[in-house]
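Residue numbers (the numbering used here), protein chains in the order written: chain D, 7 to 58; chain P, 293 to 510; chain C, 293 to 510; chain S, 3 to 245; chain B, 302 to 511; chain G, 302 to 511.
All remarks here apply to the structure that follows.
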Amino acid sequence: MMPDLGTYSVPVLSSYAVSLGLLVAVVVASIWKARRVRARLEEVESRRGRAT
Amino acid sequence: MIGLLKRDLTLAIRAGGGFGLSLAFFLIFTTLVPFGVGPQTQILAEIAPGILWLGALLACLLSLDRIFQLDWEDGTLDLVATSPVPLEGLAAMKALAHWITTGLPLVAAAPVLGLLLNLPGPAYPWLMASLALGTPALSAIGTFGAALTVGIKRGGLLLSLLVLPLYIPTLIFGALCVARAATGQDATTPLVLVAGITAGALALLPFAAAAALRVNLR
Amino acid sequence: MIGLLKRDLTLAIRAGGGFGLSLAFFLIFTTLVPFGVGPQTQILAEIAPGILWLGALLACLLSLDRIFQLDWEDGTLDLVATSPVPLEGLAAMKALAHWITTGLPLVAAAPVLGLLLNLPGPAYPWLMASLALGTPALSAIGTFGAALTVGIKRGGLLLSLLVLPLYIPTLIFGALCVARAATGQDATTPLVLVAGITAGALALLPFAAAAALRVNLR
Amino acid sequence: MSSLWEYANPRKFMATSAFLLPWTAGIAAVCLVTGLVWGFFFTPDDFRQGSTVKIIYVHVPAAIMAINAWFMMLVTSIIWVIRRHHVSVLAAKAAAPVGMVFTLIALATGALWGQPMWGTWWEWDPRLTSFLILFLFYLGYMALWEAIENPDSAADLTSVLCLVGSVFAVISRYALLFWNQGLHQGATLSLDREQNISNVYWYPLVITLAGFGFLFIALVLYRTRTEIRARRLKALIAQERMA
Amino acid sequence: MSLSVTDLACARGPAQILAGVTFSVAAGQALILRGPNGAGKTTLLRTLAGLTPPLAGTIEADPDAIAYAAHADGLKSALTVEENLAFWASVFGTHDPAPAIEAFNLAPLLHRRAGEMSAGQKRRLSLARLLVTGRPVWCLDEPTVSLDVENVARFAAAVKAHLAGGGSAVIATHIDLGLPEAATLDISRFVAKQIRADDPFADSFAEGAA
Amino acid sequence: MSLSVTDLACARGPAQILAGVTFSVAAGQALILRGPNGAGKTTLLRTLAGLTPPLAGTIEADPDAIAYAAHADGLKSALTVEENLAFWASVFGTHDPAPAIEAFNLAPLLHRRAGEMSAGQKRRLSLARLLVTGRPVWCLDEPTVSLDVENVARFAAAVKAHLAGGGSAVIATHIDLGLPEAATLDISRFVAKQIRADDPFADSFAEGAA
Ligand code: HEM
Ligand SMILES: Nc1ncnc2c1ncn2[C@@H]1O[C@H](COP(=O)(O)OP(=O)(O)OP(=O)(O)O)[C@@H](O)[C@H]1O
Ligand SMILES: Nc1ncnc2c1ncn2[C@@H]1O[C@H](COP(=O)(O)OP(=O)(O)OP(=O)(O)O)[C@@H](O)[C@H]1O
Ligand SMILES: [Mg+2]
Ligand SMILES: [Mg+2]
Numbered sequence: 007m008m009p010d011l012g013t014y015s016v017p018v019l020s021s022y023a024v025s026l027g028l029l030v031a032v033v034v035a036s037i038w039k040a041r042r043v044r045a046r047l048e049e050v051e052s053r054r055g056r057a058t
Numbered sequence: 293m294i295g296l297l298k299r300d301l302t303l304a305i306r307a308g309g310g311f312g313l314s315l316a317f318f319l320i321f322t323t324l325v326p327f328g329v330g331p332q333t334q335i336l337a338e339i340a341p342g343i344l345w346l347g348a349l350l351a352c353l354l355s356l357d358r359i360f361q362l363d364w365e366d367g368t369l370d371l372v373a374t375s376p377v378p379l380e381g382l383a384a385m386k387a388l389a390h391w392i393t394t395g396l397p398l399v400a401a402a403p404v405l406g407l408l409l410n411l412p413g414p415a416y417p418w419l420m421a422s423l424a425l426g427t428p429a430l431s432a433i434g435t436f437g438a439a440l441t442v443g444i445k446r447g448g449l450l451l452s453l454l455v456l457p458l459y460i461p462t463l464i465f466g467a468l469c470v471a472r473a474a475t476g477q478d479a480t481t482p483l484v485l486v487a488g489i490t491a492g493a494l495a496l497l498p499f500a501a502a503a504a505l506r507v508n509l510r
Numbered sequence: 293m294i295g296l297l298k299r300d301l302t303l304a305i306r307a308g309g310g311f312g313l314s315l316a317f318f319l320i321f322t323t324l325v326p327f328g329v330g331p332q333t334q335i336l337a338e339i340a341p342g343i344l345w346l347g348a349l350l351a352c353l354l355s356l357d358r359i360f361q362l363d364w365e366d367g368t369l370d371l372v373a374t375s376p377v378p379l380e381g382l383a384a385m386k387a388l389a390h391w392i393t394t395g396l397p398l399v400a401a402a403p404v405l406g407l408l409l410n411l412p413g414p415a416y417p418w419l420m421a422s423l424a425l426g427t428p429a430l431s432a433i434g435t436f437g438a439a440l441t442v443g444i445k446r447g448g449l450l451l452s453l454l455v456l457p458l459y460i461p462t463l464i465f466g467a468l469c470v471a472r473a474a475t476g477q478d479a480t481t482p483l484v485l486v487a488g489i490t491a492g493a494l495a496l497l498p499f500a501a502a503a504a505l506r507v508n509l510r
Numbered sequence: 003m004s005s006l007w008e009y010a011n012p013r014k015f016m017a018t019s020a021f022l023l024p025w026t027a028g029i030a031a032v033c034l035v036t037g038l039v040w041g042f043f044f045t046p047d048d049f050r051q052g053s054t055v056k057i058i059y060v061h062v063p064a065a066i067m068a069i070n071a072w073f074m075m076l077v078t079s080i081i082w083v084i085r086r087h088h089v090s091v092l093a094a095k096a097a098a099p100v101g102m103v104f105t106l107i108a109l110a111t112g113a114l115w116g117q118p119m120w121g122t123w124w125e126w127d128p129r130l131t132s133f134l135i136l137f138l139f140y141l142g143y144m145a146l147w148e149a150i151e152n153p154d155s156a157a158d159l160t161s162v163l164c165l166v167g168s169v170f171a172v173i174s175r176y177a178l179l180f181w182n183q184g185l186h187q188g189a190t191l192s193l194d195r196e197q198n199i200s201n202v203y204w205y206p207l208v209i210t211l212a213g214f215g216f217l218f219i220a221l222v223l224y225r226t227r228t229e230i231r232a233r234r235l236k237a238l239i240a241q242e243r244m245a
Numbered sequence: 302m303s304l305s306v307t308d309l310a311c312a313r314g315p316a317q318i319l320a321g322v323t324f325s326v327a328a329g330q331a332l333i334l335r336g337p338n339g340a341g342k343t344t345l346l347r348t349l350a351g352l353t354p355p356l357a358g359t360i361e362a363d364p365d366a367i368a369y370a371a372h373a374d375g376l377k378s379a380l381t382v383e384e385n386l387a388f389w390a391s392v393f394g395t396h397d398p399a400p401a402i403e404a405f406n407l408a409p410l411l412h413r414r415a416g417e418m419s420a421g422q423k424r425r426l427s428l429a430r431l432l433v434t435g436r437p438v439w440c441l442d443e444p445t446v447s448l449d450v451e452n453v454a455r456f457a458a459a460v461k462a463h464l465a466g467g468g469s470a471v472i473a474t475h476i477d478l479g480l481p482e483a484a485t486l487d488i489s490r491f492v493a494k495q496i497r498a499d500d501p502f503a504d505s506f507a508e509g510a511a
Numbered sequence: 302m303s304l305s306v307t308d309l310a311c312a313r314g315p316a317q318i319l320a321g322v323t324f325s326v327a328a329g330q331a332l333i334l335r336g337p338n339g340a341g342k343t344t345l346l347r348t349l350a351g352l353t354p355p356l357a358g359t360i361e362a363d364p365d366a367i368a369y370a371a372h373a374d375g376l377k378s379a380l381t382v383e384e385n386l387a388f389w390a391s392v393f394g395t396h397d398p399a400p401a402i403e404a405f406n407l408a409p410l411l412h413r414r415a416g417e418m419s420a421g422q423k424r425r426l427s428l429a430r431l432l433v434t435g436r437p438v439w440c441l442d443e444p445t446v447s448l449d450v451e452n453v454a455r456f457a458a459a460v461k462a463h464l465a466g467g468g469s470a471v472i473a474t475h476i477d478l479g480l481p482e483a484a485t486l487d488i489s490r491f492v493a494k495q496i497r498a499d500d501p502f503a504d505s506f507a508e509g510a511a
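Here is the structure:
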């Protein structure tokens, strides 16, 4: 299945690894931040909901 | 507006040395380079144009964060903003004062430092011309950066992060001009380009700086 | 005293980016060098050790004037001086905080920047080792310089004037260490000397800095 | 639909983006997987570059999107400056880290490609160098956002920086060409396809490009939602503290 | 010169602080702003001075008529008293600092650097700046902080002279200024702390839909 | 803790400002320093706090017993009220900021950044710092600047509690502090402005002998 990359397997594979790694990193970071912000917002909103 | 300029120059002279200091930094930087790079005259001569321009740029950079910061901290900026002087005028005067205390001495001193780095003979007039035409752009860009970061404590490094990328074109053309002159090539085109950047920066950036100041005073 | 360190780190992180910024400056400086010097890889590789050390040194330098200045301006320094914390302890903590926010990130980032300048392979571990051992000396010396110039408005350039000559030995041995490693020579002697300078600076300069602070507060 | 500007209202934007998000994310995932799998497994080696030609499927889309991301930030910043639509500037803020990551991918894959092709990790070629500068602009833009406490001031100042920075980015590009002629490839993806790379390479490249584009849109939508929530959170906390 | 304010709403950063502020000060009149700490006196004065744009309402006065004096002194410690005044005179296009020096008895300090003066001496200098501006509407934020009794009297005399010359003044303070004839406005009744009305994020966005 | 000062001469920069200052403050007592602007109150307090060495005379008090509060607030605007107090608590090795928060009603402001407070709110925070130091002798320089009536009362209450606990205080001020039982010292009678006595260039140099 794996294509024969010849002498260049290291640069090709590491390019893909780095790219996918970085893409996954932004996606994960975005999700993580979204979750955190959302949780804090909900907490504050519910606190306000109770107050008013 | 002349009052602003006069005061800035007085302050520069009185508090902490003014003119001398950017020069001193320039001098120290150019002497540090051989310590770092090693004393081979061959290499030094080759990198001299770049190092001289780089030194001038860093000397400008180091004094940037004081352009508005002190006035902001002691409340002067608020008061000037409510005075008849337009903030655009303030920004332009600040840039001018910065250039007089920083850029101008560098232009004068550069040839001496060129000697230290074995800069080839024909390059000297071009070195001075390119610095004289290019440093005003550095001051104008720096004033804009200072206006963006006024109000941020410890903004010094942030300021360099913002300003240095904007300095790149001036640096490239300036150093290229000197390097070409050093190797006997024609150096007019880069010199004209440096002058162009300066003209553009002087015409537009005071407005951007005033806009940034207005936001920061709000 | 841990309170002082903690506060300084909090302030560094909160106001203006902290750790990232000296790194950013280092990165920008190393990218600027080729713009000045020209893109020839041959020359760049040759000057890389010196330029990397010079960049680290300037990144340290740029953040020095904030070490005591802000505390002095808002009165904190007066109050700490009348507290049970000895000024020597204050100076040591300030140096440590400066190193953590400035020197430490530089050590980590240096190899990447080495790549940009085509630093030869065997030099990398030596680059990191020499920076790790040398940057604490830069912070300690810088803290001393900052203590001398606290209270001088626009002291930034004066500070660099005072501090840069003191940085020269560290720079020479640090760059020499990397340069030797890059050309395959033995680099241990300069490394040991760098470590020696650091040890001496750390042992003595906090006392000098405290003495300078005492005079400036008077 | 009465006006495009309605989407500048946070509530409207939240609703619309909630609808668009799954679609764009889905298209992005499909395109990325198809394009990358096709490109990696089912394209032949180039006679000159060997298997390194496969790097093109990550390198080129990332590079193109890195530039487009800055362009989008420029446009949304201008919209904020002129029409003061809050969502617009938050979208610029949200896009910056994504653009920075794309820049980083282009730089890293380019460096990895350079090693076998040019025999060096890094070359001071104008194309590469201008990417490095773009990276610095992203860093500065993000750092300025972080440094300023008041959200509206931060929006104004970063917008001004984005405008001025764009002008200087263009001048830098020109300056770099002047400074060094460079080694890097010319354009492969011109409209006149016949003169460029053959179809075997072309199709998967277009698909990954679409994948990166949709990924960018999806991430920006998603992150803008987060920024809107963070902004509201900030407003609420400020309100609580005032009480 | 008169100053008249209608239904003004003032903000500081993300927060609206005051709303519905309405008052007017005729030429020759002074208005004393009172209110507890944090009520919004500084915020109001900054808005009047044109530093912060108002959220709503109108200010009827030429912004070029207003001289503002803040909590901070705005002095350069490296310059002498004389140089500080000369600088402000040049910025405001006026020329004779003599009346200002006279009014706050700065003559003995004229060649002293501002950094080498006591807190009250600095404050006197920063008040003298007002006379140098030559502007008719004074907006002053706790002008007599650090002043001793004698200098408070000097300040009161300066204000009276300014009013007699057809000027007007709005002065925030917590302590007595020796201006019994001035009207007083307690701004605590305008306090309306809340998120700025122009902040589109103040509405909740029905997260359920998301 | 008591503080007693005999024949003190204080200097500021090149100049001697005060001479012959003699007073003593017993435990449980407060002393209010009065004197016109520029008399030397700040100079005296800085000397007591150990920041400026005295030219002559003696200060009988452990320098580690003195808590000094200056004209400047000494606050970090990027830190919250709570963080500012926690920092000072850690510097002074004390641990519980609760009484300080209580005394100056800082609880509602606890998570506000110091930079986002009004002048009076900042001042309250900087006074709260005194309680956190846990030190018995307070040397305060115009502590009630910018405070409204209610907060001046809070301050007076805090001073009274401090005195009742066996502390003592020296307070420079121009305005009434609400401490009628405190002794008052007018320092204008100690003013002795001249070149510092220890300056060897003060004598004329009898040029003939040189
Ligand atoms: C760090 C190194 C590199 C960087 C930053 C970089 C950056 C870029 C950029 C900005 C583009 C332009 C995309 C566009 O706007 O059209 C591009 C395209 C391209 N690069 Fe690189 N590159 C690097 C190294 C390389 C190397 C070593 C090769 C191969 C030998 C290469 C081959 C290509 C090709 C074939 C394209 C497509 C050209 C096009 O569509 O315009 N790159 N790269
Ligand atoms: N930069 C800021 N960001 C957010 N809120 C602020 C900021 N500055 C002040 N505030 C808040 O705005 C309110 C009004 O402050 P302002 O300075 O106008 O009060 P003031 O009436 O002048 O009080 P003082 O008598 O203490 O000077 C206060 O509650 C304060 O906490
Ligand atoms: N750095 C300095 N160098 C020289 N003289 C100074 C310096 N600082 C203050 N002085 C002078 O010393 C004298 C005493 O000043 P000090 O600050 O102690 O007065 P003060 O009683 O606190 O006045 P205020 O009530 O205005 O605060 C003043 O005449 C002042 O001008
Ligand atoms: Mg106020
Ligand atoms: Mg005083």
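The beta-carbon is built from N, C-alpha and C at its ideal position, and this holds for glycine as well.
CA-CA distance, Ile496 of chain G to Leu486 of chain G, rounds to 25 Å. Within chain B, the residues Ser391 have their CB atoms less than 8 Å from the CB of Ile294 of chain P, given in chain order. Contact annotation for Arg510 of chain P against chain B: Leu352, Thr353, Pro354 [CB-CB distance below 8 Å, chain order]. Counting of Cβ neighbours within 10 angstroms places Asn406 of chain G among the exposed residues, the total staying below 16. For Val438 of chain B, there is no enclosing alpha helix (DSSP H); the enclosing beta strand (DSSP E) has its first and last residue at 438 to 442. None of the residues of the region 119 to 148 of chain S has a beta carbon lying less than 8 Å from any beta carbon of chain D. Between Gly426 of chain C and Gly466 of chain C, the gap from beta carbon to beta carbon is short of 9 Å. For ligand 5, no non-hydrogen atom lies closer than 8 Å to the CB of Glu361 of chain G.
The beta carbon of Ser489 of chain B is closer than 7 Å to those of Gly336, Pro337, Ala340 in its chain, skipping five residues each way along the sequence. Here Asp308 of chain B carries a strand assignment [DSSP, helix/strand/coil].
Gly330 of chain C is a Cβ neighbour of Gly342 of chain P, given a cutoff of 9 Å. Taking the CA atoms as reference points, Thr474 of chain B sits about 11 Å from Leu332 of chain B. Contact annotation: Ala429 of chain P and Leu494 of chain P have beta-carbon atoms nearer than 9 Å. The beta carbons of Ser469 of chain G and Pro437 of chain G sit closer together than 9 Å. Proximity of Thr441 of chain P to chain S, defined by a Cβ-Cβ separation below 9 Å, is satisfied.
Against chain C, a Cβ distance below 7 Å from Asn182 of chain S picks out Pro331.
From the beta-carbon of Ile367 of chain B, the residues of chain P found nearer than 7 Å are Thr374. With a cutoff of 8 Å, Ser447 of chain G counts as near ligand 2, since its C-beta is closer than that to a heavy atom of the ligand.
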